[in-house]
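**Q** Residue numbers (my numbering): 3 to 304. Encoded as structure tokens, here's the structure I'll be asking about.
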């Protein structure tokens, strides 16, 4: 069944894959980006771009090609993605009933896509069918409500930076809380957030990865604390939300497998990297056939 999905941060690696996965399945998508001129791929068939300033994933700190689930640094360099060296077992070996094991639709239906940009008048080639133009700002409740109007689900993959910061000194650790507040105020029927592995636990009921300086760089802690504050806002709400925390090994070079494994809120050692396409599949699966609600969940390569 076709539905409408608003994707904030649609210009980043994760966002682009989520838009592609959703449209391949015949869904309508509001693709929210900061500057569509930097994301020509979003003007492909059935994808439109509309105005707004969403601080999207294309402006993520430090990743060579940004991704909201990572931390500043080279996304292909494990040194910049410290992973837990001795996390406890997750307690969830897998989910045999989760949608990762359901076959992908082979004949997607027609879809229409809307998206957000700062100035649609500057854009050319946006005359594709099913294009709508709306405004959107991920931290402005009224603007988010306008952008997500009529959408059955909202996906957040936004980040706050337009360039890698030299330092996180003075960084507003309430940034993701503001985003969460704005998204929650829109009262989406289903909200999926692409999170950060540092907010996971090192072991069941143990400390968070971000709280262990042996596992997570102290210099990056403000960014992780901002993610944690956003997660706290979600937990305090009564919304139907899910935060998917990809591993530090999320990779553009990994070949998609068409499947994945959902864990719990505990970090695990990764034997293989997770492909962006498989992350995107998990996001859309959890919209179409939810198996997890109101919790932070680690996603792993299967």
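Positions of the beta carbon are idealized from the N, C-alpha and C atoms, including for glycine.
By a C-beta neighbour count over all protein chains shown, 10 Å radius and 16 as the cutoff for buried, is residue 221 buried or exposed?
**A** Walking along the chain shown from the start, residue 221 turns up at place 219. Burial call: exposed.
**Q** Taking the alpha-carbon positions, what's the residue 287 to residue 259 distance?
**A** Taking the chain shown and counting its residues from 1, one reaches residue 287 at position 285. Taking the chain shown and counting its residues from 1, one reaches residue 259 at position 257. Looking at the two C-alpha atoms, the distance is approximately 15 Å.
**Q** Which first and last residues belong to the beta strand (DSSP E) in which residue 193 is found?
**A** Your numbering for residue 193 matches position 191 in the chain shown. Taken as a continuous stretch (DSSP letters only), the beta strand (DSSP E) holding residue 193 covers 192-196.
**Q** On the three-state DSSP scale, how would you describe residue 99?
**A** One-based indexing of the chain shown puts residue 99 at position 97. Reliability fails at residue 99, whose pLDDT of 38 lies under 50, so the model's placement of it is uncertain and the value that follows must be treated cautiously. Coil at residue 99, not helix or strand.
**Q** How would you label residue 215, buried or exposed, when you count the other beta carbons within 10 angstroms and need 16 or more for buried?
**A** Indexing the chain shown from 1 puts residue 215 at position 213. With fewer than 16 other Cβ atoms within 10 Å, it is exposed.
**Q** Can you have a look at residue 209 and say buried or exposed, based on whether 16 or more other CB atoms are within 10 angstroms of its CB?
**A** Taking the first residue of the chain shown as 1, we reach residue 209 at position 207. Exposed is the call here.
**Q** CA-CA distance, residue 146 and residue 33?
**A** For this step, residue 146 is matched to residue 144 along the chain shown. For this step, residue 33 is matched to residue 31 along the chain shown. Approximately 12 Å between the Cα atoms of the pair.
**Q** Report buried or exposed for residue 174, applying the criterion of at least 16 other Cβ atoms within 10 angstroms of its Cβ.
**A** On the chain shown, position 172 is the one that residue 174 refers to. Under this definition residue 174 is an exposed residue.
**Q** State the CB to CB distance for the pair residue 201 and residue 193, rounded to an integer number of angstroms; the pair is presumed to be in contact (CB under 8 Å).
**A** To locate residue 201, count along the chain shown from 1; it is residue 199. To locate residue 193, count along the chain shown from 1; it is residue 191. Not quite, the Cβ-Cβ distance comes to about 16 Å (not below 8 Å), so this is no contact.
**Q** Report the residue from 263, 253, 295 whose alpha carbon sits nearest the alpha carbon of residue 277.
**A** Mapped onto the chain shown, residue 277 falls at position 275. Taking only the C-alpha atoms, the option nearest residue 277 is 253.
**Q** Could you give the distance in angstroms between the alpha-carbon of residue 282 and the alpha-carbon of residue 197?
**A** Taking the chain shown and counting its residues from 1, the one referred to as residue 282 is at position 280. Taking the chain shown and counting its residues from 1, the one referred to as residue 197 is at position 195. Computed Cα separation, rounded: 13 Å.
**Q** Work out the CA separation of residue 176 and residue 225 for me, nearest whole Å.
**A** Counting from one through the chain shown, the residue named residue 225 turns up at place 223. Counting from one through the chain shown, the residue named residue 176 turns up at place 174. Spanning the two alpha carbons is a distance of roughly 10 Å.
**Q** Can you grab the Cα-Cα spacing for the pair residue 160 / residue 10, in whole Å?
**A** Counting from 1 along the chain shown, the entry for residue 160 is found at position 158. Counting from 1 along the chain shown, the entry for residue 10 is found at position 8. Distance between the alpha carbons of residue 160 and residue 10: 6 Å.
**Q** Look at the Cβ atom of residue 304, then the Cβ atom of residue 261, and state whether they are nearer than 9 Å.
**A** Within the chain shown, numbered from 1, the residue matching residue 304 stands at position 302. Within the chain shown, numbered from 1, the residue matching residue 261 stands at position 259. A contact, by the Cβ cut-off of 9 Å.
**Q** Here's the rule I'm using: 16 or more other beta-carbon atoms within 10 Å means buried, otherwise exposed. How should residue 17 be labelled?
**A** Taking the chain shown and counting its residues from 1, one reaches residue 17 at position 15. The residue is buried, with at least 16 neighbouring Cβ atoms inside 10 Å.
**Q** Indicate the three-state DSSP secondary structure (helix, strand or coil) for residue 128 in the structure shown.
**A** As a position in the chain shown, residue 128 is number 126, starting the count at 1. The predicted model places residue 128 with a pLDDT of 26, which falls under 50 and marks its position as unreliable; any figure quoted below should be read in that light. Of the three classes helix, strand and coil, the one that applies to residue 128 here is coil, per DSSP.
**Q** How many Å lie between residue 246 and residue 206 at the Cα?
**A** For the purposes of this step, residue 246 is taken as residue 244 along the chain shown, with counting starting at 1. For the purposes of this step, residue 206 is taken as residue 204 along the chain shown, with counting starting at 1. Spanning the two alpha carbons is a distance of roughly 17 Å.
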